[in-house]
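Colleague: Protein chains in written order, with my numbering: chain A, 2 to 161; chain B, -7 to 95. Virtual Cβ for every residue (Gly too), placed ideally from N, Cα, C.
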Amino acid sequence: MVIAAVGVVLLRDIFRAALLLVLCFFTVAGIYITLNADFLAAVQVLVYIGAIGILLMFAIMLTRNIREGNPFNRLNMPALVLALLVLATITGVVIATDWATVSGVPDVVTSELDQPTTSHIAKALFDKDGGFVLPFEIASVLLLAALIGAVVLVRRKENE
Amino acid sequence: MGIEHYLILSAIMFSVGLYGALAKRNAVAILMCIEIMLNAVNIAMVAFSRYLVPDTVVLTGHVFAIFIMTVAAAEAAVGLAIIIAIYRSRQSVDVEQVDMMKW
């Protein structure tokens, strides 16, 4: 998965980079399955690979410029240094933290955690108290706004 | 496989995405790198949800991951629409040439 992600960044052919991105999304879905998140794995395949992947392919084919390819800009070295700093910081924090609360977690999944997570997610989303009903509605309004905004942005002007 | 493995994997993916988002010139590539970063955060969310609340099923991390996916889909749609609009007006997706808001 990391190899795929690095390939997305390093490959000069942007179409191959997009295909590697799809591979990367697939491996992330696999990671979700190892974390017992079956619903999220399915959503990952549907939304990321099915929707965003295809959308990126379309955008690349519409805007591909063979001569330019996928070059780096002049921020190459500072960006690399910054990314390595972020990686070192996060890794250091993760290693330095004593995950005491984790010690009781069984490596073998208990029967309760082994069930499909869909109904639990629905309960967590739409619970009467402490649910996420308002964020859910806001997300739907956001999707509607994004839909209309995307259509308006790419629409050709009538009077041109 | 403890939580550290997932978090370090997530950190590596995030750094790769960050590097790409900062160092690329093609706007579509930048958008792809942002998607990698969002995926990395999602992995961290799900890992925390799985490991930090033992014995009970508390899926707030999953709910957050779902919202992140929603926003990522909206962002990809609008971002690609903007990129295509820019490409129509300037025949290029090079972010260094798009400087009309710079002064």
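Quick one: give me the first and last residue of the alpha helix (DSSP H) that ASN18(B) is part of.
Modeller: It is not in any alpha helix (DSSP H) - ASN18(B) carries neither H nor E in the DSSP assignment.
Colleague: Just checking: is the beta-carbon of GLY150(A) within a distance shorter than 8 Å of some beta-carbon in chain B?
Modeller: Yes, GLY150(A) lies at the interface with chain B (some Cβ there is under 8 Å from its Cβ).
Colleague: State yes or no: is the C-beta of LEU143(A) within less than 8 Å of the C-beta of VAL63(B)?
Modeller: The answer is yes: Cβ separation under 8 Å.
Colleague: Cα separation between ASN34(B) and ALA57(B)?
Modeller: Taking the straight line joining both Cα atoms gives about 5 Å.
Colleague: For MET93(B), would you say it is in contact with chain A, using Cβ-to-Cβ distances shorter than 8 Å as the test?
Modeller: Taking Cβ atoms only, chain A never reaches closer than 8 Å to MET93(B), which makes this a no.
Colleague: In whole angstroms, give me the CA-to-CA distance for LEU(-1)(B) and ALA39(B).
Modeller: Approximately 7 Å between the Cα atoms of the pair.
Colleague: Should VAL109(A) be flagged as near chain B, meaning a C-beta pair shorter than 8 Å?
Modeller: Here the model assigns VAL109(A) a pLDDT of 47, short of 50, so the residue's position is not dependable, and the following value carries that caveat. No - not a single Cβ of chain B is within 8 Å of the one on VAL109(A).
Colleague: 8 Å is my cut-off, CB to CB: does VAL63(B) come that close to chain A?
Modeller: So yes, VAL63(B) belongs to the interface.
Colleague: Nearest by alpha-carbon distance to ASN20(A): which of ILE55(A), ASN37(A) and ALA30(A) is it?
Modeller: Position check: residue 20(A) holds Leu in this sequence, whereas Asn was assumed. The shortest Cα separation from LEU20(A) among ILE55(A), ASN37(A) and ALA30(A) belongs to ILE55(A).
Colleague: Comparing C-alpha positions only, which one of ASN18(B), VAL8(B), TYR43(B) and ARG17(B) sits nearest to ARG30(B)?
Modeller: A small correction: the amino acid at residue 30(B) is Leu; Arg does not occupy that position in the sequence shown. For the residues ASN18(B), VAL8(B), TYR43(B) and ARG17(B), the minimum Cα distance to LEU30(B) belongs to VAL8(B).
Colleague: Quick one: using the 10 Å Cβ neighbour count with 16 as the cut-off for buried, is GLU138(A) buried or exposed?
Modeller: Result: exposed.
Colleague: Which class does GLU39(A) belong to by DSSP, given the choice of helix, strand or coil?
Modeller: Contrary to the premise, residue 39(A) reads as Asp rather than Glu in this sequence. DSSP places ASP39(A) in helix when its eight states are reduced to three.
Colleague: Considering only the alpha carbon of each residue, which of ASN77(A), CYS25(A) and ILE34(A) lies closest to ILE53(A)?
Modeller: Checked all of ASN77(A), CYS25(A) and ILE34(A); the closest Cα to ILE53(A) is CYS25(A).
Colleague: Are the CB atoms of VAL20(B) and LEU57(A) nearer to each other than 8 Å?
Modeller: It is a contact, given that the beta carbons lie within the stated cut-off.
Colleague: Taking Cβ to Cβ, would you say ALA18(A) is nearer than 8 Å to TYR11(B)?
Modeller: Contact: no.
Colleague: For SER7(B), would you say it is in contact with chain A, using Cβ-to-Cβ distances shorter than 8 Å as the test?
Modeller: SER7(B) counts as touching chain A.
Colleague: Can you tell me whether ARG97(A) is buried or exposed, with buried defined as 16 or more other CB within 10 angstroms of its CB?
Modeller: The amino acid at residue 97(A) is misidentified as Arg; the sequence shows Ala. When all chains shown are included, ALA97(A) counts as exposed.
Colleague: List, in order along the chain, the chain B residues whose C-beta lies closer than 8 Å to that of LEU83(A)?
Modeller: Correct list: LEU10, TYR11 and LEU14.
Colleague: With burial defined as no fewer than 16 other Cβ atoms inside 10 Å of the residue's Cβ, what is the status of PHE127(A): buried or exposed?
Modeller: PHE127(A) comes out exposed.
Colleague: Could you tell me the alpha carbon to alpha carbon distance between LEU51(B) and LYS124(A), rounded to whole angstroms?
Modeller: Straight-line Cα distance between these residues: approximately 9 Å.
Colleague: May I ask you to list, following chain order, the residues of the stretch 46 to 60 of chain A that have a beta carbon less than 7 Å from some beta carbon of chain B?
Modeller: Those would be VAL48, ALA52, ILE53, LEU56, LEU57 and ALA60, in chain order.
Colleague: Does any CB atom of chain A fall closer than 8 Å to the CB of GLN26(B)?
Modeller: The question names Gln, but residue 26(B) in the sequence shown is Ile. Cβ-Cβ to chain A under 8 Å: no for ILE26(B).
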